[in-house]
Amino acid sequence: MLFDIRTIVGALLGSYAVVLVVTGLVHDTGAEEAKTGGVNVNLWAGLGMGAVALAFLVWVLLRPVAVPTKADTPVGEEDSPPEA
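Each residue of the sequence shown is one higher than the one before, starting from -13 at the first, in the working numbering.
Structure, rendered in structure tokens:
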């Protein structure tokens, strides 16, 4: 499999999502909820980020990067100079 930036982005977002979800579940104080109007922002941001990370990783699995082969190029265009 070739290097694909979607894998890196999905993994990075996924790791941030895990941190935010754990923070939202463990460190949810009344003072922090008062700042945000009663919403657990860390939990919801982590869940949203996790959904986006999952979408990136599914995208990588469903549409992998394909290596072009010699058979993919039309006949006679392998060694021809670029047109001006």
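No residue lacks a Cβ here, since even glycine has one placed at the ideal position from N, Cα and C.
- Residue environment analysis places Ala39 among the buried positions, since at least 16 neighbouring C-beta atoms fall within 10 angstroms of its C-beta.
- In this chain, the alpha helix (DSSP H) harbouring Ala(-3) covers Ile(-9) to Val12.
- About 7 Å separates the beta carbons of Phe42 and Leu(-1), which is inside the 8 Å limit, making them a contact pair.
- If one requires a minimum length of 4 residues, the alpha helix (DSSP H) runs lying completely within the stretch 16 to 65 are 16 to 21 and 27 to 48, in chain order.
- The Cβ atoms of Leu6 and Gly32 lie closer than 7 Å to each other.
- Looking from the CA of Ile(-9), the closest CA among Ala57, Val46, Ala20 and Lys56 belongs to Val46.
- Remark: C-beta atoms of Gly36 and Ala(-3) do not approach each other more closely than 7 Å.
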